[in-house]
Each structure stands twice: as structure tokens, then as C-alpha cells.
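J.: Got a structure for you, written out below as C-alpha cells; questions coming shortly.
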Amino acid sequence: MPELPDLEPEPEPQPEPVKPWVQAALSRKKIPMWAVPVLIFLPFWAIIFAGTLESPEHDSEIIALGREVYDDSGGCAGCHGAEGGGGVGPALSNGEVMATFSDWRDHVIWIVDGSPAQPGTPFGDKNEPSLGAANGMPSFGDDLSAREILAVTYYERVEISGAAEADLHDLEELFAAQDVLPNQFDIGQTFPSTLNGLLTSAGIGAG
């Protein structure tokens with residue numbers, strides 16, 4: 685019987701190269717077993733923690749409108765500063781508004797009429813000399829509605845100057861009494877008695 689030739693063993697197939705992303709996954713650090721429960725419950729803790737946070741407060745209507753008038757449509761911030769610290773116009777912050785106009789009605793009338801025409805005419809509780817109509821406070825009776833003037837008065841006193849909201853309850857209620865308010869306050873024809881009459885018509889106690 686003829687002798688069979690020696691057969692060379694077939695070479696073993698080379699393993700396919702490991703894909704880069706597979707290699708990265710294999711070499712990545714594994715999460716420790718002790719951390720798994722922590723990660724599972726983390727979303728629940730986040731929900732519970734979020735529930736303990738207070739919801740952001742929204743401005744009341746009178747504050748929102750007053751802020752808009754002060755910052756934008758009335759241009760008050762341009763003279764008195766964004767925070768009421770003063771600039772071209774006097775400072776309104778840190779109680780300055782109440783020191784000048786202890787009664788909010790006088791504050792309203794000041795915004796309606798602006799500075800007296802004659803320079804040096806005393807105004808406010810301090811009887812300070814005004815700069816006159818040309819260089820002082822402009823009148824806004826023709827430019828702002830009655831509600832806008834009430835709102836910016838409230839905003840300047842509460843948010844800028846630090847008055848207590850409880851002290852301005854009548855002003856806030858008058859702002860809400862739209863059925864008795866005129867569209868605008870007349871320049872030179874708006875007095876404390878005018879505002880008191882509106883309060884009475886709205887059934888709001890004077891204060």
C-alpha cells in the first residue's frame with residue numbers, strides 16, 4: 685500500500701479585530717455594584733427635592749403694569765435709575781418717595797401734573813424748590829392712563845421705595861375699580877378731593 689503524504693494542519697483563522705467602539709466599551713470603568721441602587725433612586729429623590737422648592741411668585745397686576753410703565757412706556761427709569769437710585773432725576777429708593785410724598789394722593793397728582801411751571805416753587809412734604817416745568821418733572825396726565833398712573837405710583841412706593849403694601853390698600857383697590865376710573869386724570873384738575881371722590885364712588889374707605 686503506498687505511503688500517504690504528510691498533510692499540514694490547516695492554520696487556525698485569525699480572530700477578527702475588535703471594533704474601536706467595542707474596545708472602548710470593554711475598557712470603560714464599570715459602575716460599582718453599591719452605586720446601582722443610588723442611581724436607580726436618584727430620579728425619585730430629584731422629584732421629591734423639586735417638590736420642596738417654592739414656586740416663583742408672579743407679579744400682581746398692579747405691580748406688573750407699574751413695572752412696565754416705570755421701565756418702558758413712562759421712561760421713569762431713564763431719569764430716576766433702574767433701581768430708583770437717581771440720575772438726571774432725584775433718587776426714589778430707600779424711602780425717598782414717602783419722605784417727599786407721605787400721602788399717595790399727592791404722589792399721583794405730581795405724576796399727573798409734573799413740576800410747577802415756575803422754578804423755585806416749593807413742592808412735596810419737604811417744601812423743596814422745584815426746577816420748573818422746563819427742567820423738572822414732566823407731566824404725564826396726557827400720556828398715561830389713570831390706571832397706569834396709579835400702577836406706577838404703587839410700584840414706585842412699594843418696589844422702589846420700600847413702602848408696606850398694607851399702607852396702600854386703598855390705592856390698590858382704586859386701581860381695580862375700573863368702572864369708576866376715568867380714562868385719564870386731567871392735568872391741573874386732579875386734586876386729593878378728586879381721588880377721594882373716586883374712592884367713595886368705588887365704596888373704598890379713605891386711608
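Per the numbering used here, the sequence shown starts with residue 685, numbered consecutively.
Virtual Cβ for every residue (Gly too), placed ideally from N, Cα, C.
Give the secondary structure of residue 888 by DSSP, where H, G and I count as helix, E and B as strand, and everything else as coil.
T.: Looking up residue 888 in the sequence shown gives position 204. If DSSP states are grouped into helix, strand and coil, residue 888 belongs with coil.
J.: Could you tell me the distance, in whole angstroms, from the CA atom of residue 799 to the CA atom of residue 731?
T.: On the sequence shown, position 115 is the one that residue 799 refers to. On the sequence shown, position 47 is the one that residue 731 refers to. Cα to Cα, residue 799 sits roughly 56 Å from residue 731.
J.: Where does residue 739 sit, in a helix, a strand or coil, going by DSSP?
T.: The residue labelled residue 739 in the question sits at position 55 within the sequence shown. Caution is warranted here: a pLDDT of 48 is assigned to residue 739, below 50, making its placement in the model unreliable, and the coordinate value is therefore given only provisionally. Reduced to three states, the DSSP call for residue 739 is coil.
J.: Mapping DSSP to helix, strand and coil, what is residue 747?
T.: Numbered from 1 along the sequence shown, position 63 holds the residue referred to as residue 747. In this structure, residue 747 counts as helix in the three-state DSSP scheme.
J.: Do residue 841 and residue 858 have their C-beta atoms within less than 8 Å of each other?
T.: Walking along the sequence shown from the start, residue 841 turns up at place 157. Walking along the sequence shown from the start, residue 858 turns up at place 174. Their beta carbons are not under 8 Å apart, which means residue 841 does not touch residue 858 by this criterion.
J.: In the structure shown, what three-state DSSP assignment does residue 727 receive?
T.: Taking the sequence shown and counting its residues from 1, the one referred to as residue 727 is at position 43. If DSSP states are grouped into helix, strand and coil, residue 727 belongs with the helices.
J.: Would you mind giving the Cβ-Cβ distance between residue 874 and residue 793, rounded to the nearest angstrom? I have them listed as a contact below 8 Å.
T.: As a position in the sequence shown, residue 874 is number 190, starting the count at 1. As a position in the sequence shown, residue 793 is number 109, starting the count at 1. Right, the Cβ-Cβ distance comes to about 6 Å (below 8 Å), so this counts as a contact.
J.: With DSSP run on the structure shown, which of helix, strand or coil describes residue 813?
T.: In the sequence shown, residue 813 corresponds to position 129, counting from 1. Reduced to three states, the DSSP call for residue 813 is strand.
J.: Tell me, which residues are paired with residue 945 by DSSP?
T.: Examination of residue 945 is not possible in this model, given that the chain is present from 685 through 891 alone.
J.: Going by beta-carbon coordinates alone, are residue 783 and residue 810 separated by less than 8 Å?
T.: As a first step, residue 783 is located in the sequence shown; it is residue number 99 there, counting from the start. As a first step, residue 810 is located in the sequence shown; it is residue number 126 there, counting from the start. It is a contact, given that the beta carbons lie within the stated cut-off.
J.: Closest by CA to residue 888, which one among 865, 872, 870, 871?
T.: Residue 888 sits at position 204 when you count from the first residue of the sequence shown. For the residues 865, 872, 870, 871, the minimum Cα distance to residue 888 belongs to 865.
J.: Between the beta-carbon of residue 779 and the beta-carbon of residue 845, is there less than 8 Å?
T.: Here residue 779 is taken as the residue at index 95 of the sequence shown, counted from 1. Here residue 845 is taken as the residue at index 161 of the sequence shown, counted from 1. Taking 8 Å as the Cβ cut-off, residue 779 and residue 845 qualify as a contacting pair.
J.: Which term fits residue 724, buried or exposed, when burial requires 16 or more other beta carbons within 10 angstroms of its beta carbon?
T.: Start at 1 with the first residue of the sequence shown, and residue 724 comes out as number 40. Exposed is the call here.
J.: Under 8 Å between the Cβ atoms of residue 837 and residue 764?
T.: By 1-based counting over the sequence shown, the position of residue 837 is 153. By 1-based counting over the sequence shown, the position of residue 764 is 80. In this structure, residue 764 does not lie closer than 8 Å to residue 837 by Cβ.
J.: Based on Cα-Cα distance, which residue from 850, 872, 832, 879 lies nearest to residue 757?
T.: Locating residue 757 in the sequence shown gives position 73, counting from the first residue. Taking only the C-alpha atoms, the option nearest residue 757 is 832.
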